[in-house]
Each structure stands twice: as C-alpha cells, then as structure tokens.
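Read through the structure below, which is laid out as structure tokens, and then see the notes.
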Amino acid sequence: MLLNSIISPLPSSPTSNFTKASPYSVAVTAHNFIPWRRSRKGAWTPRTLIKVSSSSSSSSSENQTAVIVPSQSQDEEAAEVVRRFYAGINSRDLASVELLIAEKCVYEDLIFPRPFVGRKAILDFFKSFIDSISKDLQFVIDDISSEDSSAVGVTWHLEWKRKAFPFSKGCSFYRLEMVDDKRQIIYGRDVVEPAIKPGEAALGAIRAVTWLLQQFPQLADQL
602 MLLNSIISPL
612 PSSPTSNFTK
622 ASPYSVAVTA
632 HNFIPWRRSR
642 KGAWTPRTLI
652 KVSSSSSSSS
662 SENQTAVIVP
672 SQSQDEEAAE
682 VVRRFYAGIN
692 SRDLASVELL
702 IAEKCVYEDL
712 IFPRPFVGRK
722 AILDFFKSFI
732 DSISKDLQFV
742 IDDISSEDSS
752 AVGVTWHLEW
762 KRKAFPFSKG
772 CSFYRLEMVD
782 DKRQIIYGRD
792 VVEPAIKPGE
802 AALGAIRAVT
812 WLLQQFPQLA
822 DQL
C-alpha cells in the first residue's frame, strides 16, 4: 500500500455525494465538513479527499485508501495574509510582500504627512524602512483579529534580538479584498507609540483648541 491514513469521523453536515475516483486521482473537494482545522467562526477549512491504490490497474476498494490533504483555498483568511505581510517585512523579502498588496492600495503611516498611494509607492517606503534599520529589529505580533474576512486589526511591538525595543508599540488596521482570485491588502493604517508622551498636557491642548472653535466657528474651515 502506498499510503495509509486514519480518517477521523466527519462532523454532522448535510449528506454529500462522493464521486468514485480512479487510482491516484482526486475524488472530491469537500467544503466545510472534512475535519482538519476549524476557524474561530466555526467554519471548516476545505480539504481534498484522494484515493490511492497499490497499483494503477487495480480498482478494488480493498486496494484503495482515502487520504485527506490540504486544499489550496482561494479565499485565504485575511489574518493569515497580514501575518505573511509582517513575516515578509521581517525577512526583508519584498517580493513576497508585493504579492499581498493590491495595485491601488492606500497605506497610511500617521507619522508621515501624506498616505502612500499605490503598490509601487508602498514598496518604495518599505524598502527605505528596511534599509534604514538593522535585521535584528523585528516586528512581533501581540494580538490579531481573525473574525472578519475583509478587515484585520493588529497590535504589535518591535524587538531587538528578542528584547522589547523602547517606544515601539503600535496598532494597525488593514482592509482586504479579493483581487484576481487572491486576497490582497487594499488599505492599511499604522499608529505608533510616540517617543514624547505629553500626558495630561494633551488634554489641556484639546480643551484650548475646542474653546477656540466655539468662540470662533469660522476657524473650523481651516482644519
């Protein structure tokens, strides 16, 4: 026998008709009920059922074994796309990052006055970023949302040789869409921990600005 596998029981689901497969051929692609991994939403990840036999000429069920293998899903989880995005930055692999960014993506890093518009501008920004820092400085994801297939929130920090880097905490938001059968980032925004923390002075500044706007409403046109 070429392959042996123990198939765990299928979870409850509507009856599905399997097609008989010739040896070494794909019998069926099963969605939402073949057990392999379950998302936090409870959806079953699609897998492929393959039948193989000990010889190409034998079609007896006694010589066939069903094997479950991962199936490449076009509808890749948004959180996984974002994880690969950070992994590409950490490894300085901009070629892999390019595949995750849509052509018309808009990326906002709020320490810059204007957003980066378009894949090329974004990649140029990240090239400048990784060229200006050591390879020992790495993004570490603290938490990431995975409940939405089109929007992902991330909290992260930077580490230098596995030690927390000062003033490096941040949070990011990403929106994704299916583009040419691939889930890609179409919008991103980064908010980074400030090196100077004004504390309560910031509240005083906000009160002063809102007082001015109340006294002189025409100033709002200048915002």
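Per our numbering, the sequence shown starts with residue 602, numbered consecutively. Think of the CB as a built atom: it goes at the ideal place given N, C-alpha and C, for glycine as much as any other residue. As the structure is a computational prediction, the values presented were derived from the model and not from experiment.
Would you tell me roughly how many angstroms separate the C-alpha atoms of residue 743 and residue 730, rounded to the nearest one?
Counting from 1 along the sequence shown, the entry for residue 743 is found at position 142. Counting from 1 along the sequence shown, the entry for residue 730 is found at position 129. Approximately 21 Å, taken between the alpha carbons.
Is it true that the CB of residue 784 sits closer than 7 Å to the CB of residue 682?
Walking along the sequence shown from the start, residue 682 turns up at place 81. Walking along the sequence shown from the start, residue 784 turns up at place 183. Yes.
Do residue 772 and residue 741 have their C-beta atoms closer together than 7 Å?
Indexing the sequence shown from 1 puts residue 772 at position 171. Indexing the sequence shown from 1 puts residue 741 at position 140. In this structure, residue 741 does not lie closer than 7 Å to residue 772 by Cβ.
Have a look at residue 819 and residue 722 and give me their C-alpha separation to the nearest angstrom.
In the sequence shown, counting from the first residue as 1, residue 819 sits at position 218. In the sequence shown, counting from the first residue as 1, residue 722 sits at position 121. Looking at the two C-alpha atoms, the distance is approximately 36 Å.
In three-state terms, what does DSSP make of residue 796?
Here residue 796 corresponds to residue number 195 of the sequence shown, with the count starting at 1. It is coil, neither helix nor strand.
Could you spell out where the alpha helix (DSSP H) holding residue 754 opens and where it closes?
Taking the sequence shown and counting its residues from 1, the one referred to as residue 754 is at position 153. It is not in any alpha helix (DSSP H) - residue 754 instead sits in the beta strand (DSSP E) that spans 752-761.
Just the Cα atoms here: how many angstroms apart are residue 766 and residue 712?
Counting from 1 along the sequence shown, the entry for residue 766 is found at position 165. Counting from 1 along the sequence shown, the entry for residue 712 is found at position 111. Rounded to whole angstroms, residue 766 to residue 712 spans 18 Å at the Cα level.
CB-CB length for residue 695 against residue 724, believed under 8 Å:
Taking the first residue of the sequence shown as position 1, residue 695 is located at position 94. Taking the first residue of the sequence shown as position 1, residue 724 is located at position 123. About 6 Å; that satisfies the 8 Å criterion.
Only counting the same chain, and skipping five residues up and downstream in sequence, which positions put a Cβ closer than 6 Å to that of residue 709?
Position 108 of the sequence shown, counting from 1, holds the residue named residue 709. So the list reads 716 and 790, once near-sequence residues are dropped.
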